[in-house]
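Count along the sequence shown from 1, add 60, and you get the number used in my numbering. All residues carry an ideal CB built from backbone N, CA and C; glycine is no exception. Shown next, in structure tokens, is the structure this report addresses.
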Amino acid sequence: MLVKKNSGELIPYDPKALKRSLTKSGAKKEEVEEVFELVSKDLYDGILTRELYRIAFAHLKNYRNSYAARYSLKRALRDLGPEGYYFEKWIERVMQAAGYQSLHSEIVQGNAVTHEIDVVASKGDQLLFCECKFRNDEDAKISVTTPMYFLSRMKDVESHTYHFFGRDMKPTKGFLVTNAYLTTDSIDFANYYGIGLISWDYPETNSIKYLVDNAALYPITCLTTLTPEQEKVLLSKECILVKDLQQNNKFLDSLNLSKEQRNEVLEETNELLEIENFTCEIA
61 MLVKKNSGEL IPYDPKALKR SLTKSGAKKE EVEEVFELVS KDLYDGILTR
111 ELYRIAFAHL KNYRNSYAAR YSLKRALRDL GPEGYYFEKW IERVMQAAGY
161 QSLHSEIVQG NAVTHEIDVV ASKGDQLLFC ECKFRNDEDA KISVTTPMYF
211 LSRMKDVESH TYHFFGRDMK PTKGFLVTNA YLTTDSIDFA NYYGIGLISW
261 DYPETNSIKY LVDNAALYPI TCLTTLTPEQ EKVLLSKECI LVKDLQQNNK
311 FLDSLNLSKE QRNEVLEETN ELLEIENFTC EIA
């Protein structure tokens, strides 16, 4: 059986991949098996990947909202768009969770021109300049031209000393961060020239999906008990992470929710953050 991606490309259906994605939702083993069987009954040759996702999402939500929330991480990151401003804010918070001091959208002077750095982060002797590339297409890939362009920007600033976080430092490394995939050429080029990479699935133990699941860095757009309009209100108030809502549920005051709705949101929030070991390392 074949599955059709958004690009129109047909790929073989991989039941093991579906089971792995269902397991990532946090559902129990027997629940994963039950959902897998239910989803399998609705499959047909040429089914769109987004339709397959919708079916699995609906079945998981019938068990727990938080299962569907974890399963929807990739979609939730795209919902930080459409321009990517809140994706950059989210990356700033990811860096903070890894022990860095960080700032968003800073202007620096290079040898030739000025540059807007999406996220500046520092820990110890490190000063990182992060370029964030946000994509709305779930199958999007970052080509080699992007790290090439970023390398030229880093070359223009690497010899300068900048004052951040009370210290004068030169940038020690540039990081290219994206919610999309990376082509093989873009990975090879970045690794050769020492550019750090964080994408949806690369590197394996430092990818976005790995960092989120291991440190509970879920964006607020993961929550299935909120409407898109309500999510936008919370984002505008700097409620970027689900953790923000757990730590200060007064953010919900601006949404005019009923008591029952409020409790549903908080219940999903607490379930989503039920992870024993929170760890976040950026390397």
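Indicate whether L2 and K64 have their beta-carbon atoms separated by less than 8 Å. A query on residue 2 cannot be resolved here, the shown segment of the chain reaching from 61 to 343 and no further.
Where T243 falls: helix, strand or coil (DSSP): coil
Spatial neighbours of E91 within its chain, please: C-beta separation below 6 Å, excluding the five flanking residues on both sides. Only Y123 meet the Cβ criterion.
Can you check which of these residues, Y278, T243, K215, is closest to G254 by C-alpha distance? K215
Could you check the C-alpha separation between N171 and I177 for me, to the nearest Å? 15 Å
Segments of 4+ residues assigned as alpha helix (DSSP H) that fall wholly inside the segment 270-315: Runs of alpha helix (DSSP H) with 4 or more residues, each lying fully within the segment 270-315, are found at 288-296, 302-307, listed in chain order.
State the DSSP-derived secondary structure class of R227, mapped to helix, strand or coil. For R227, the three-state secondary structure derived from DSSP is strand.
Where does N337 fall in DSSP's three states? In this prediction, N337 has a pLDDT of 45, which is less than 50 and means its spatial position is unreliable; nothing more can be read from the coordinates.
Euclidean distance between Cα positions of F96 and C190: Straight-line Cα distance between these residues: approximately 39 Å.
S100 lies in the alpha helix (DSSP H); which residues open and close that run? 89-101
Would you tell me roughly how many angstroms separate the C-alpha atoms of T285 and S165, rounded to the nearest one? So the alpha carbons of these two residues sit roughly 31 Å apart.
Can you give the Cα-Cα distance for A200 and R322, rounded to whole angstroms? 35 Å
Can you tell me which of I151, L112, K297, K233 puts its alpha carbon nearest to the alpha carbon of S219? K233
Residues in its own chain within less than 6 Å of E336 by CB, not counting five upstream and five downstream? Residue placement at E336 is poorly supported in this model, since its pLDDT is 44, which falls under 50; the coordinates still yield a value, given next. Nothing listed; no residue qualifies.
Pairing CB atoms from the segment 299-313 with CB atoms from the segment 179-199, are three or more of them under 8 Å? no
If you draw a straight line from the C-alpha of A129 to the C-alpha of S85, how long is it? 8 Å
To the nearest angstrom, report how far apart M155 and I258 are at their CA atoms. Going by C-alpha positions, M155 is about 12 Å away from I258.
Considering only residues of the segment 112-159, which uninterrupted alpha helix (DSSP H) runs meet the minimum length of 4 residues and lie entirely inside it, listed in chain order? 125-131, 133-138, 145-157
Residue of Q290, K134, L78 minimising C-alpha distance to D261: K134
Find the nearest neighbour of E291 within the set D228, N274, T265, L140, judged by alpha-carbon distance. L140
Buried versus exposed call for N239 [16 or more other C-beta atoms within 10 Å across all chains shown]: buried
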